[in-house]
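Novice: One line per chain: the protein sequences are L and Z, in this order.
Note that the first sequence covers residues 19 to 526 in my numbering.
Note that the second sequence covers residues 466 to 624 in my numbering.
No residue lacks a Cβ here, since even glycine has one placed at the ideal position from N, Cα and C.
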Amino acid sequence: MRVWVPLDAAARALGADEVAAALARDFTVTRNGTRGMIWLEPLVEVERDGIRYGYGPVAAQDVEGLMQAIRSGNDHPLALGPVEDLPWMQAQQRLTFARVGIIDPLSLSEFEAHGGLAGLVRAIEIGPRRIIDELTQSGLRGRGGAGFPTGIKWQTVADAPGARKYIVCNADEGDSGSFADRMLMEGDPLTLIEGMVIAGIATGAVQGYVYVRSEYPDAIRVLEAAIGKARQAGILGPSVLGSEHAFEIELRVGAGAYICGEETSLLNSLEGRRGTVRAKPPIPALEGFLGRPTVVNNVISLGTVPWILTHGGAEYARLGIGRSKGTIPIQLSGNVRHAGLFEAPFGMTLGQIINDIGGGTASGRPVKAAQVGGPLGAYVPHWNFDVPFGYEELAGRDGLLGHAGITVFDDSADMLKLARFAMEFCAAESCGKCTPCRIGSVRGVETIDRIAAGDPQAIELLTDLCHTMKWGSLCALGGFAPFPVMSALTHFPQDFNGRNQPRQEAAE
Amino acid sequence: MTLAARDADFRQRLDDIIAAHRDREGPLLPILHDVQAEWGHIPEQAQPLIAVALGMTRAEVHGVVSFYHDFRERPAGRHVLRLCRAEACQSMGADALADQLRAALGLDWHQTSADGRLTLEPVFCLGLCACAPSAQLGDRLLGRATLEKVRRMVAEVGA
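1) Examine chain Z for any beta-carbon lying closer than 7 Å to the beta-carbon of R355 (chain L), and answer yes or no.
2) Between R292 (chain L) and chain Z, is any beta-carbon pair separated by less than 7 Å?
3) At which residue ranges does the stretch 499 to 567 of chain Z contain complete beta strand (DSSP E) runs of 3 or more residues, listed in the order of the chain?
4) So which residues of chain L does V615 (chain Z) contact, with C-beta pairs closer than 9 Å?
5) Just curious, the beta strand (DSSP E) that E59 (chain L) is in, first and last residue?
6) Taking I348 (chain L) as the reference, give the member of L:I339, L:G340, L:L359 with the closest Cα.
7) Leaving out five residues on either side along the sequence, give the residues of the same chain with a beta carbon under 6 Å from the beta carbon of L113 (chain L).
8) Pick out whichever of L:F498, L:R270, L:L479 has its Cα sitting closest to the Cα of M487 (chain L).
9) Against chain A, which members of the stretch 20 to 42 of chain L pass a CB distance test of less than 8 Å?
10) How about A518 (chain Z): is its C-beta nearer than 7 Å to some C-beta of chain L?
11) Under 7 Å, Cβ to Cβ, is there at least one residue of chain L near S578 (chain Z)?
12) Contact check, M557 (chain Z) vs A597 (chain Z) under 8 Å by CB: the rounded distance?
13) Check whether the Cβ atoms of P363 (chain L) and Q79 (chain L) lie closer than 7 Å to each other.
14) Does D428 (chain L) come out as helix, strand or coil in the three-state DSSP assignment?
15) Would you kindly work out how many angstroms separate the C-alpha atoms of Q133 (chain L) and L327 (chain L), rounded to a whole number?
16) Using the beta-carbon count (16 or more within 10 Å), is P502 (chain L) buried or exposed?
17) Check the C-beta distance from A551 (chain Z) over to P393 (chain L) and give it rounded, since I have them as a contact under 8 Å.
18) For a contact defined as C-beta to C-beta under 7 Å, what are the partners of E490 (chain Z) on chain L?
19) Would you identify the three-state DSSP class for K386 (chain L), choosing helix, strand or coil?
20) Could you check if P302 (chain L) is buried or exposed, using at least 16 other CB atoms within 10 Å of its CB as the buried criterion?
21) Which of the three DSSP states, helix, strand or coil, is assigned to Y234 (chain L)?
22) State the DSSP-derived secondary structure class of C187 (chain L), mapped to helix, strand or coil.
23) Hey, does D535 (chain Z) have any beta-carbon neighbour from chain L nearer than 7 Å?
24) In angstroms with no decimal places, state the Cα-to-Cα distance between L612 (chain Z) and L436 (chain L).
25) If you draw a straight line from the C-alpha of G119 (chain L) to the C-alpha of L98 (chain L), how long is it?
26) Under a CB-based cut-off of 7 Å, is Q519 (chain L) close to chain Z?
27) With a cut-off of 8 Å, do at least 3 Cβ pairs link the stretch 77 to 94 of chain L to the stretch 233 to 247 of chain L?
28) Tell me the DSSP bridge mates of F166 (chain L)?
29) Using the Cα positions of L320 (chain L) and G213 (chain L), report the straight-line distance between them to the nearest angstrom.
30) Beta-carbon within less than 8 Å of E538 (chain Z)'s beta-carbon, same chain only, minus the 5 sequence neighbours each way: which residues are those?
31) Is there a C-beta anywhere in chain Z that falls below 7 Å from the one on A275 (chain L)?
32) Closer than 8 Å by beta-carbon distance: list the chain Z residues that pair up with R200 (chain L), in chain order.
33) Determine the chain Z residues that contact Q389 (chain L) at a beta-carbon separation under 9 Å, and present them in chain order.
34) To the nearest angstrom, how far is it from the Cα of R547 (chain Z) to the Cα of A29 (chain L)?
35) To which residues of the same chain is T312 (chain L) closer than 6 Å at the C-beta, ignoring the five residues directly before and after it?
36) Pull up the distance between the alpha-carbon of C455 (chain L) and that of A470 (chain L), whole angstroms please.
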């Protein structure tokens, strides 16, 4: 009998290793990625008659009783039934995450048995021009936050003169509330590798780099092992799957700087320099890594490419709304009952996601607001939860989709404190290159403290400062920090007014 | 070991690390990671040697070392406890947990205990936002952290 226990970092943080070790005394345990139902982790799966049954959340002390139930086929209090039939699974359309949680992430045979490599095989058949056509037709936009059309970026690099070009995967997923990249790298790393090889073929690049943040040791380990497997299998190397295309991937580890998630900072960091922002133009597609034409895409963008090549761009573009095509891996976190990763076509409303899918708050108190798109995303108040999940739709409400993370807060949240944190974070992580971000964020913290101390004039000053940062900063760190700050101030003025006691300083 | 012998040993090990990476495109970060893995920090005397080997100035190397949160110019405690302070964790009570923990350990952020066993550091996102609040001790991750759970984890490693 086959038994699965996730090796995903979140599952491990909830005790999956202890559970797996205990089960391994009696069963052959496969470590899989997570299905994304983090509130059920560690989720143990057992296969009977070709159907996978779930038990969760399982603690180490449950294992003894669980093993008896598994062997005898008897009922168990933690039994969830067939995993695929759970409402969370049924309501999704998993394309990018189709294999995550199902296969052993490092098994090439399972990867192929579940559709892996089909995209690459087709890419080799149809060649660069038609690969980019498919991608353009799919409408895929960069899932890292900027939302730039991936097909156009690849076309620019393909057309750029230069003998040596690069594919750089941005795996510096530093946004709080975002963990889709981590989950994909830990749960199905070969799909990322496949996507990068396709990008190489499409643009004429023969070298790829994955820049992973150091805070993800599990992802680093799994991806490193997957790169080795891909090399052995001829997916990487001088002749990709026996074709005339060569492609190699090297993994690089960041060193704890949020700003290195910004593409030009990432390139500087990869070159071994301080991770400061570069002014654009020139764009990285023309002058990127070491001044050469470079595709910089995030993990989810590249990991979605194989599906698009396998099923066709038109098939992908059928899903979604407006200019937000396809599916989006939504990361639901914070104070929410059912936190985890949920992949669905664009277009669900925020309220549907938070209340129906997420089941409301974990604390049982009313939802106050949700921060959408990471630490630089706006706080959307609960009365605006009718907004559909899409790039333009959120922008229309002064929000941003970002990396598609949604962090939920209940009514105990102090919006002034959260606004202050956004400025403090910006001050701590600013690369220092441009003044609005470097100085503005420090002044922003001070100004919010003045508001907290009861100075009403400081509100106007903060608004003006945010305007300067938004339009004067070189990159999204300083440019977008006003989103959380101004949204908190605009929607929850009562949290900013009527404070005349000096506030306790934050810890740092 | 005499100072001179230790010095020669140090040089040899550093040269090995540099040699292992110098032909890569952008070798500095991989070198610094290995140096820190070897000595627990970036020793001051390593920086000019790395600079010479890579054709950089000392200031450039120091600029890189000081830019990144990961690189230390002094060793940390034997165990490093990191507590996430980002928004998702905040929404689940990370601030209160941090206050309790700092009081319980008698440590503030970036401080090391007097016996050199434990260093406390803030971290901004471990990607465990769906099981917040989260912490990390060495390689071990902790989701849905409570004061009790963190203290147990710290006690288990003898920190």
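Specialist: This is what the structure gives:
1) no
2) yes
3) 544 to 549
4) Simply none; closest approach about 12 Å.
5) Premise fails: E59 (chain L) is in no beta strand (DSSP E) and is neither H nor E.
6) L:L359
7) W325, T345
8) L:F498
9) Although the question refers to chain A, the structure presented lacks it and instead comprises the protein chains L and Z.
10) no
11) no
12) 4 Å
13) no
14) strand
15) It should be noted that the sequence gives Gly, not Gln, for residue 133 (chain L). Approximately 11 Å, taken between the alpha carbons.
16) buried
17) 7 Å
18) L308
19) strand
20) buried
21) coil
22) strand
23) yes
24) 23 Å
25) 16 Å
26) Residue placement at Q519 (chain L) is flagged as unreliable, the pLDDT there being 48, under the threshold of 50; the coordinate-derived value follows with that caveat. Judged by the 7 Å Cβ criterion, Q519 (chain L) is not in contact with chain Z.
27) no
28) Per DSSP, none; premise fails for F166 (chain L).
29) 5 Å
30) H506, I507, E509, V530, S531
31) yes
32) G592
33) E552, A553, S556
34) 18 Å
35) Y184, V186, P302, G306
36) 22 Å
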